[in-house]
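> Numbering (the working numbering), first residue to last: 416 to 800. Virtual Cβ for every residue (Gly too), placed ideally from N, Cα, C.
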């Protein structure tokens, strides 16, 4: 900061012009590009106007209750302004310090979208990945950058950790990216082997077309992509909502996986023990292909489960599929039997499902059986609407 800036403030201070001094302070730090100081200056300006303590300009701890709302509004406004200016300057990590506090990631997410998917500078790439993927500002962009910078294996590892924390929108978008990326890699690999025997393959032939009637592609345990990657991406694809082209691609990935030698088909958790056939049923249901057959498959998995403690896990999958197939009555009945005690933070809410299906009678019955008077009253009130 120039000495003249300090001299200017001294001159204004000698006239006892507090607001003029603070306005000049804001002007000086903004013109100097000291954006972190700009935030402090804005907060100092607000606190001085309210006659509050000035020793910790950015702190809210010393703000009495009667001024708290006004100071908090100034805090949010200053953070938004400074965060926006930092985004404009390309200082994205610094911008997130402010935008994260006020829970406004949209501006930063847009700036991340404008970056290339391939970033040559390693440190810059890691900084962007931290923001986009691990901090959750723009996970789909993070996946694109990570696929280009670190490859499929590292991206799958990262998503295994971060997908559960994402919104449904982001889970779907990230899963679509992974499905399409692996599908393209696998199709290219299969095509190269097919062309060794059949030179004139139709351009753009689907994976399903390439493998149909060509079981020799899988002879002697042959495979065309890392089978652990295939397993993970097919599992991720359960997050994709219909309608979606990527669901069809995921179904073809499952069909490919089902042709692999059995030792290469890793078992999944119930009801996906028979991993690839179970997932083909799952995707068929969402695509409305052989839907009744697919739903019956998962009903039979639930009925065949010998351990009563594990049945809610299987019921959860079936209820999810029933909801996504708009079979709400059956979903309600099954939820009442197995899922009525689920926590509020899961994606399937028994309470909301009963309301959506118009089955508040079932909700009342279950809450009465649970001796839940509050839940029962809640259902009664909604019946009156």
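1) Would you mind working out which of 675, 630 and 557 sits nearest residue 578, comparing C-alpha positions?
2) Excluding the 5 residues preceding and the 5 following residue 513 in the sequence, name in chain order all residues of the same chain whose CB lies nearer than 6 angstroms to its CB.
3) Residue 698 and residue 665 look like a contact to me (Cβ under 8 angstroms); what is the Cβ gap, rounded to whole Å?
4) Report the CB separation of residue 574 from residue 589 in whole angstroms; it is logged as a contact under 8 angstroms.
5) Entirely within the region 649 to 674 and at least 4 residues each: give me those alpha helix (DSSP H) ranges in chain order.
6) State the CB to CB distance for the pair residue 487 and residue 501, rounded to an integer number of angstroms; the pair is presumed to be in contact (CB under 8 angstroms).
7) So residue 572 is in the alpha helix (DSSP H); what residue range does that whole segment cover?
8) Taking the alpha carbon of residue 739 as the reference point, which residue from 598, 550, 553 and 772 has its own alpha carbon closest?
9) Below 8 angstroms, how does it come out for the region 603 to 623 and the region 686 to 693: are there three or more Cβ pairs, yes or no?
10) Compute the beta-carbon to beta-carbon distance between residue 554 and residue 585, rounded to the nearest angstrom, for a pair I have assumed lies under 8 angstroms.
11) If contacts are defined as beta-carbon pairs under 8 angstroms, then residue 546 and residue 560 qualify, I think. What distance do you get, rounded to the angstrom?
12) Whose CA, out of 450, 458, 518 and 503, lies closest to the CA of residue 527?
13) Look at the Cβ atom of residue 567, then the Cβ atom of residue 548, and state whether they are nearer than 8 angstroms.
14) At a cut of 8 angstroms, does the region 467 to 486 reach the region 431 to 451 through at least three beta carbon pairs?
15) So residue 539 packs on residue 489, CB below 8 angstroms; how close in whole Å?
16) Given the structure, does residue 684 come close to the ligand HEM, in the sense that its CB is under 7 angstroms from one of the ligand's heavy atoms?
17) Count the other C-beta atoms from every protein chain shown that fall within 10 angstroms of the C-beta of residue 421, then say buried if there are 16 or more, exposed otherwise.
18) DSSP state of residue 439, grouped into three classes?
19) Compute the distance between the beta-carbons of residue 534 and residue 564, then report whether it is under 8 angstroms.
20) How many angstroms separate the CA atom of residue 800 from the CA atom of residue 716?
21) What does a CB cutoff of less than 7 angstroms around residue 516 pick up in its chain, not counting 5 residues either side in sequence?
22) So, residue 751 versus residue 737, is the Cβ gap smaller than 8 angstroms?
Inspection of the coordinates gives the following:
1) The residue given as residue 578 occupies position 163 in the chain shown. Nearest C-alpha to residue 578: 557.
2) Within the chain shown, residue 513 is the residue found at index 98, counting from 1. Excluding residues within five positions, the ones whose Cβ falls inside 6 angstroms are 494, 497 and 498.
3) Position 283 of the chain shown holds residue 698. Position 250 of the chain shown holds residue 665. Between residue 665 and residue 698 the Cβ distance is about 5 angstroms, and since that is below 8 angstroms, they are a contact.
4) By one-based count along the chain shown, residue 574 stands at place 159. By one-based count along the chain shown, residue 589 stands at place 174. Confirmed, Cβ separation roughly 6 angstroms.
5) 660 to 674
6) For the purposes of this step, residue 487 is taken as the residue at position 72 of the chain shown. For the purposes of this step, residue 501 is taken as the residue at position 86 of the chain shown. Wrong, their Cβ atoms sit about 21 angstroms apart, outside the cutoff.
7) The sequence position of residue 572 within the chain shown is 157, counting from 1. Start and end: 566 to 577.
8) Reading the chain shown from its first residue, position 324 is the one you call residue 739. Selected option, being the one with the closest Cα: 772.
9) no
10) For the purposes of this step, residue 554 is identified with residue 139 of the chain shown, where counting begins at 1. For the purposes of this step, residue 585 is identified with residue 170 of the chain shown, where counting begins at 1. Sure, about 4 angstroms apart at Cβ, within 8 angstroms.
11) The residue labelled residue 546 in the question sits at position 131 within the chain shown. The residue labelled residue 560 in the question sits at position 145 within the chain shown. That pair is no contact at about 10 angstroms.
12) Along the chain shown, one-based indexing puts residue 527 at 112. The shortest Cα separation from residue 527 among 450, 458, 518 and 503 belongs to 503.
13) Counted from its first residue, the chain shown places residue 567 at position 152. Counted from its first residue, the chain shown places residue 548 at position 133. In this structure, residue 548 does not lie closer than 8 angstroms to residue 567 by Cβ.
14) no
15) Against the chain shown, residue 539 aligns to sequence position 124. Against the chain shown, residue 489 aligns to sequence position 74. Between residue 489 and residue 539 the Cβ distance is about 33 angstroms, and since that is not below 8 angstroms, they are no contact.
16) The model on display carries no ligand, and the ligand HEM is accordingly not part of it.
17) As a first step, residue 421 must be located in the chain shown, where it is residue number 6. Burial call: exposed.
18) As a first step, residue 439 is located in the chain shown; it is residue number 24 there, counting from the start. Correct three-state label for residue 439: helix.
19) Within the chain shown, numbered from 1, the residue matching residue 534 stands at position 119. Within the chain shown, numbered from 1, the residue matching residue 564 stands at position 149. Cβ atoms of residue 534 and residue 564: closer than 8 angstroms.
20) Numbered from 1 along the chain shown, position 385 holds the residue referred to as residue 800. Numbered from 1 along the chain shown, position 301 holds the residue referred to as residue 716. Their backbone Cα atoms lie some 39 angstroms apart in a straight line.
21) Here the question's residue 516 lines up with position 101 in the chain shown. The answer, listed in chain order, is 494.
22) Within the chain shown, numbered from 1, the residue matching residue 751 stands at position 336. Within the chain shown, numbered from 1, the residue matching residue 737 stands at position 322. The answer is no: Cβ separation not under 8 angstroms.
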